[in-house]
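In terms of full-length UniProt numbering, the sequence shown opens at residue 1 and continues consecutively. Heads up: the structure comes next, in structure tokens.
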Amino acid sequence: MRRLEADLSLALFERTAKGHQLTSDGEMIARKAEALEQAAAEVSAISEREGPQATGRVRIGAPEGLGTLMIAPAIAGFSARHPGLGLDLIAMSGFVSVPKREADMSILLTRPQAGRLIVRKLSDYTLHLYASPHYLKGRGAIPDVTGLASHDLIGYVDDLIYSSQLRYHEEIMPGLTLKHCSPSIVAQWQMTRAGAGIAVLPHFLAANDPQLVQILPDIVRLERAFWLTIHEDVHVLARIRAVSQFLADLFGGSEARLIGE
């Protein structure tokens, strides 16, 4: 950054308590760079549009649990059908940005309301309360949601929550206090399996886990959705279409696992 600033004789960044932020000059140059990047992507799309064979690489951003438990195991089958395609699966807590070209496509928890994006709903999914039998044996029954206040609850680190859709406990009963927290849903799942407390977990992750039991199944059932976003400049490419169809087929055939009626 310092070398770039020296070359341009401009201050592009300023240090704040939250890290580096762009100055007004930095923002102007960033906009110019984004315009050049967009133009390059459009040229690339034109050059590839006629090629029906899916080749190259596609980067997919996905929530950690979804990417790890559902998408990753399906990649072998996808690769057998599309041997010329490689995938970068960015399964992590937090989202990579399609508008910023951090990924070719991303699966989000909320539908984007702005940007040059192609958006499609992949599926609804549900979440429920889970705990280990070992934990419940030592703590007793929970007759209703008010009983959760006296239990050890597991959830997200509040200041690292990247989507309001993850504030599950506020929806179940306002005022609940979490004892153990992690930005990773996989870590929360493992804490719960080990008997550290009660967590809100996706049905597709926890329902078939023999080390977990569902709590208050007739009372607590949260509903969410997964949204696939693709930049409109690249959605016509053969490789993008192939991966988009792969995800649509995967989710379309997993309704029972995702929703668990």
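We put the CB at the ideal spot given by N, CA and C, even for glycine. This one's a predicted model, so the numbers in the text were calculated from it and none came from an experiment.
Sixteen is the threshold: since fewer than 16 other Cβ atoms of the shown chains lie within 10 Å of the Cβ of I219, the residue is exposed. Counting along the chain, D249 sits inside the alpha helix (DSSP H) bounded by residues 238 to 252. Here the alpha carbon of H231 sits roughly 43 Å from the alpha carbon of L148.
Taken through DSSP and simplified to helix, strand or coil, P83 comes out as coil.
Only buried fits D233, as 16 or more other CB atoms lie within 10 angstroms of its CB. Between G65 and L205, the C-beta gap is smaller than 8 Å, which places the two residues in contact. Taken through DSSP and simplified to helix, strand or coil, P143 comes out as coil.
Shortest Cα-Cα distance from L136 to any of A72, I215, P210 involves I215. Listed in chain order, the non-local C-beta contacts of V98 below 6 Å within the same chain comprise S106, T229, H231, local neighbours out to five positions each way being set aside. In this structure, the alpha-carbon of T23 lies about 41 Å from that of P202. In the structure shown, the three-state DSSP call for I198 is strand. For H203, the three-state secondary structure derived from DSSP is helix. Check the Cα spacing between P183 and each of I172, M173, A194, A199: the tightest is with A199.
Separation of the CB atoms of D124 and L258 is rounded to 7 Å, and the pair is thereby assigned contact status at 8 Å. Taking R239 as the centre and dropping the five residues before and after it, the same chain places the C-beta of A54, T55, G56, V58, L85 closer than 7 Å to its C-beta, in chain order. Taken through DSSP and simplified to helix, strand or coil, Q113 comes out as coil. Going by C-alpha positions, L222 is about 14 Å away from A207.
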